[in-house]
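Okay, so the sequence shown: first residue is 52 according to this note's numbering, each after it adds one. Each residue gets a CB set at the ideal place from its N, CA and C atoms; glycine is no exception.
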Amino acid sequence: MQTRRAAVIGTTSWGTTLALLLARAGADTVLWARAEDEARRMNEAGENMLRLPDFPFPPNLRVSADINDAVNGAEVIVVCVPSPTFRENLRRLREAQTPPDAAIVSATKGLDGADGSRMSEVFGQEMGAEALRRYCVISGPNLSHEVAAGLPSSAVIASATEEMAIRAQDFLTSAVFRVYTSTDVAGVELGGSLKNIVAIGAGMIDGMEFGDNAKAAFISRAVAEITRLGIAAGAQPMTFSGLAGIGDLVATCYSRLSRNRHVGEQLGRGRAIADVLNELNEVAEGYNTTPAAVRLAERLNVDTPITLQTHRVLHEGLNPREAMESLMGRPATAEYTTDQSH
């Protein structure tokens, strides 16, 4: 029986976790690192000591700084890098000897900072429209440490090409990681991206000790906002009730393992954003995604008060308490209206 091969681009904690999942499911897996020193250290240690310590690599997982070596013969290639570097890494992938029929799975939860484009739109720009048939996106309530520890988890993989989604699903599914498929690429991308903004706001509520009622109300209204923006972007409404929507949102807003919730909590306690970000080992995607989401909402003419107030706190120095007062002081309206822009 022929050995299956997979590659992961990016040594983030989630990228490393996905590499572990692929290897544990039986695929010979190569994790691509940007630098030779990083690859050597990880291979010698047999783990990602910096971003995911104490989770040993199985024998069929290794790290390489040669991207051609990493993607050689791969049937599934996962790209898991911070959204600001997604385009740059696609260019590296485009120049590599990538198998022409490999499924390429984005595990990046963010938007392009220039205009709010989704990662699939960036992918089409860099890899060409024809390559979009190979594109997939994975999202869901997936905290790296829990998944790496083998705790039961689920995710959804969306693609315009059913064959590609099913292949990626087959490579990643195991007894402890259940993967569903979808055709709603836009919805899965936006759910996974916008929830990080909400998690920062939910963290601020925790930091200011506003209580469970406030947090539950905030998350509920955020779901309405995300759905409204998603529909305007062409997503299917039901996606935001699934794993990439409510599922990911709940995990990220409540877990102590969530970087974005942690950032918000520290801001709610009065700390400066620069100090909080400097302490993190990795990127808190919500910080970069917020201005991109504002641009997307403006382009689609959708009202996004939670996103706007979070942006003002993160990037304009607004006090979190003033942001909450602004949200609470908005004119009273019906909970749902037929006008999707509001």
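**Collapsed DSSP secondary structure at leucine 369 in the structure displayed** = Position 318 of the sequence shown, counting from 1, holds the residue named residue 369. Note: leucine 369 maps to coil in three-state DSSP.
**Message:** Assuming serine 171 is part of the alpha helix (DSSP H), what are its boundary residues?
**Reply:** By one-based count along the sequence shown, residue 171 stands at place 120. First-last of the alpha helix (DSSP H) with serine 171: 170–178.
**Request:** For asparagine 339, count neighbouring C-beta atoms within 10 Å of its own C-beta (all shown protein chains included) and say buried if the count is 16 or more, exposed if not.
**Result:** Mapped onto the sequence shown, residue 339 falls at position 288. When all chains shown are included, asparagine 339 counts as buried.
**Request:** Please state whether DSSP places arginine 55 in a helix, a strand or coil.
**Result:** Position 4 of the sequence shown, counted from the start, is the residue given in the question as residue 55. In the structure shown, arginine 55 sits in coil (DSSP, three-state: anything other than H, G, I, E or B).
**Asked** Considering only the beta carbon of each residue, do alanine 74 and isoleucine 118 sit closer than 8 Å?
**Response** The count along the sequence shown starts at 1 and reaches residue 74 at position 23. The count along the sequence shown starts at 1 and reaches residue 118 at position 67. Not a contact, by the Cβ cut-off of 8 Å.
**Prompt:** What is the rounded straight-line gap between the Cα of leucine 202 and the Cα of threonine 224?
**Reply:** If you number the sequence shown from 1, residue 202 lands on position 151. If you number the sequence shown from 1, residue 224 lands on position 173. When rounded, the distance between both Cα atoms is 13 Å.
**Item:** Pairwise C-alpha distance: serine 204 and glutamate 300
**Value:** Reading the sequence shown from its first residue, position 249 is the one you call residue 300. Reading the sequence shown from its first residue, position 153 is the one you call residue 204. The residue asked about is misnamed: residue 300 is leucine in this sequence, not glutamate. Going by the C-alpha atoms only, they are around 14 Å apart.
**Environment of asparagine 193 [buried if 16+ CB atoms lie within 10 Å]** = Locating residue 193 in the sequence shown gives position 142, counting from the first residue. Its Cβ being crowded by 16 or more others within 10 Å, asparagine 193 is buried.
**Prompt:** Can you give the beta carbon distance from aspartate 79 to arginine 102, rounded, assuming they're within the 8 Å contact cut?
**Reply:** Residue numbering aside, residue 79 sits at position 28 when the sequence shown is read from its first letter. Residue numbering aside, residue 102 sits at position 51 when the sequence shown is read from its first letter. With 8 Å as the limit, aspartate 79 and arginine 102 do not qualify as a contact, their Cβ atoms being about 22 Å apart.
**Item:** Residue nearest to phenylalanine 222 in terms of C-alpha spacing, selected from Val129, Asn332, Ala86 and Arg372
**Value:** Residue 222 sits at position 171 when you count from the first residue of the sequence shown. Minimum Cα distance to phenylalanine 222 is reached at Val129.
**Prompt:** Exposed or buried, aspartate 166, counting other C-beta atoms within 10 Å across all chains shown (16 or more means buried)?
**Reply:** By one-based count along the sequence shown, residue 166 stands at place 115. Exposed.
**Message:** My assumption, with CB atoms under 8 Å, is that glycine 319 sits in contact with isoleucine 256. Please give the rounded CB distance.
**Reply:** As a first step, residue 319 must be located in the sequence shown, where it is residue number 268. As a first step, residue 256 must be located in the sequence shown, where it is residue number 205. Right, their Cβ atoms sit about 7 Å apart.
**Prompt:** By DSSP, does arginine 29 sit in helix, in strand, or in coil?
**Reply:** Absent from the model: residue 29. The displayed extent of the chain is 52 to 393, so no value can be given.
**Asked** Would a C-beta distance cut-off of 8 Å place isoleucine 357 and arginine 272 closer than the cut-off?
**Response** Stepping through the sequence shown from its first residue, residue 357 is reached at position 306. Stepping through the sequence shown from its first residue, residue 272 is reached at position 221. For isoleucine 357 and arginine 272, yes; Cβs fall inside 8 Å.
**Request:** Leaving aside the five residues before and after glutamate 349 along the sequence, list all residues of the same chain whose C-beta is less than 8 Å from its C-beta, in chain order.
**Result:** Residue mapping note: residue 349 aligns to position 298 of the sequence shown, counting from 1. Within the same chain, glutamate 349 has no close Cβ partners at all.
**Prompt:** Under three-state DSSP, which class holds tyrosine 186?
**Reply:** Within the sequence shown, residue 186 is the residue found at index 135, counting from 1. If DSSP states are grouped into helix, strand and coil, tyrosine 186 belongs with the strands.
**Message:** I'd like the list of long-range same chain contacts for leucine 144, defined as Cβ closer than 8 Å, with 5 residues on each side in sequence excluded.
**Reply:** Residue numbering aside, residue 144 sits at position 93 when the sequence shown is read from its first letter. Taken in chain order, the residues that qualify are Ile60, Ile118, Val122, Ile128, Val130, Ile155 and Met178.
**Request:** Return the CA-CA distance between valine 249 and serine 377, expressed in angstroms with no decimal places.
**Result:** Mapped onto the sequence shown, residue 249 falls at position 198. Mapped onto the sequence shown, residue 377 falls at position 326. Approximately 16 Å between the Cα atoms of the pair.
**Asked** So what's asparagine 119 in DSSP terms, helix, strand or just coil?
**Response** Translated into positions along the sequence shown, residue 119 becomes position 68. DSSP places asparagine 119 in helix when its eight states are reduced to three.
**Asked** What's the C-alpha gap between alanine 141 and alanine 286?
**Response** Locating residue 141 in the sequence shown gives position 90, counting from the first residue. Locating residue 286 in the sequence shown gives position 235, counting from the first residue. As written in the sequence, residue 141 is leucine, which differs from the alanine given in the question. Approximately 24 Å between the Cα atoms of the pair.
**Message:** Short of 7 Å in beta carbon distance, which residues of its chain neighbour arginine 372, apart from the five on each side in sequence? Order them along the chain.
**Reply:** Working through the sequence shown from its first residue, we reach residue 372 at position 321. Around arginine 372: Met259.
**Asked** Between Gly254, Leu241 and Ser306, which lies nearest to valine 274 when the distance is taken from Cα to Cα?
**Response** Taking the sequence shown and counting its residues from 1, one reaches residue 274 at position 223. Selected option, being the one with the closest Cα: Leu241.
**Request:** Kindly list the residues whose CB is nearer than 8 Å to the CB of glycine 66, restricted to its own chain and excluding five residues on each side of it in sequence; keep chain order.
**Result:** Within the sequence shown, the letter at position 15 stands for residue 66. Hits under 8 Å: Val59, Ile60, Leu82, Val129, Cys131, Val132 and Ala158.
**Prompt:** Nearest-angstrom Cα distance between glutamate 98 and threonine 63?
**Reply:** Residue numbering aside, residue 98 sits at position 47 when the sequence shown is read from its first letter. Residue numbering aside, residue 63 sits at position 12 when the sequence shown is read from its first letter. Cα to Cα, glutamate 98 sits roughly 12 Å from threonine 63.
**Asked** So, using beta-carbon positions, are phenylalanine 106 and alanine 199 closer together than 8 Å?
**Response** Taking the sequence shown and counting its residues from 1, one reaches residue 106 at position 55. Taking the sequence shown and counting its residues from 1, one reaches residue 199 at position 148. Yes; because the gap between Cβ atoms is below 8 Å, this pair is in contact.
**Message:** Would phenylalanine 269 and leucine 72 qualify as a contact pair, given that the criterion is a beta-carbon distance under 8 Å?
**Reply:** Reading the sequence shown from its first residue, position 218 is the one you call residue 269. Reading the sequence shown from its first residue, position 21 is the one you call residue 72. For phenylalanine 269 and leucine 72, no; Cβs fall outside 8 Å.
**Request:** Would you mind sorting methionine 93 into buried or exposed? The rule is 16 or more other CB atoms within 10 Å of its CB.
**Result:** Numbered from 1 along the sequence shown, position 42 holds the residue referred to as residue 93. Methionine 93 should be labelled buried.
**Prompt:** Of all the options Tyr305, Arg279 and Arg184, which has the alpha carbon lying nearest to the alpha carbon of glutamate 386?
**Reply:** Here residue 386 is taken as the residue at index 335 of the sequence shown, counted from 1. Nearest C-alpha to glutamate 386: Arg279.
**Request:** Please list the segments of the alpha helix (DSSP H) lying wholly inside the region 316–384, counting only runs of 4 or more residues, in order along the chain.
**Result:** 324–329, 336–351, 356–367 and 371–379
**Residue of Ala284, Arg381 and Val314 minimising C-alpha distance to leucine 347** = Within the sequence shown, residue 347 is the residue found at index 296, counting from 1. The shortest C-alpha separation from leucine 347 is found at Ala284.
**Message:** Run through the DSSP bridge pairs and tell me what tryptophan 83 is partnered with.
**Reply:** Translated into positions along the sequence shown, residue 83 becomes position 32. In the DSSP output, where bridge partners are listed per residue, tryptophan 83 has Ile60 and Ser115.
**Message:** Tell me which residues share the same chain as valine 395 and place their Cβ nearer than 7 Å to its Cβ, disregarding the 5 neighbours each side in the sequence.
**Reply:** No information on residue 395 is available, as it lies outside the stretch 52 to 393 that the chain covers here.
**Message:** Here's the rule: buried if 16 or more other CB atoms are within 10 angstroms of the residue's CB, otherwise exposed. What is alanine 267?
**Reply:** Position 216 of the sequence shown, counted from the first residue, corresponds to residue 267. Result: exposed.
**Message:** Check for me: the beta strand (DSSP E) holding valine 132 runs from which residue to which?
**Reply:** Counting from one through the sequence shown, the residue named residue 132 turns up at place 81. Run containing valine 132: none; DSSP gives neither H nor E here.
**Asked** Buried or exposed: histidine 366, going by 16 or more other Cβ atoms within 10 Å of its Cβ?
**Response** One-based indexing of the sequence shown puts residue 366 at position 315. Per the 10 Å Cβ criterion, exposed.
**Prompt:** Where DSSP assigns a beta bridge to valine 156, which residues make up the other side?
**Reply:** On the sequence shown, position 105 is the one that residue 156 refers to. DSSP output for valine 156 lists Val129 and Cys187 as bridge partner(s).
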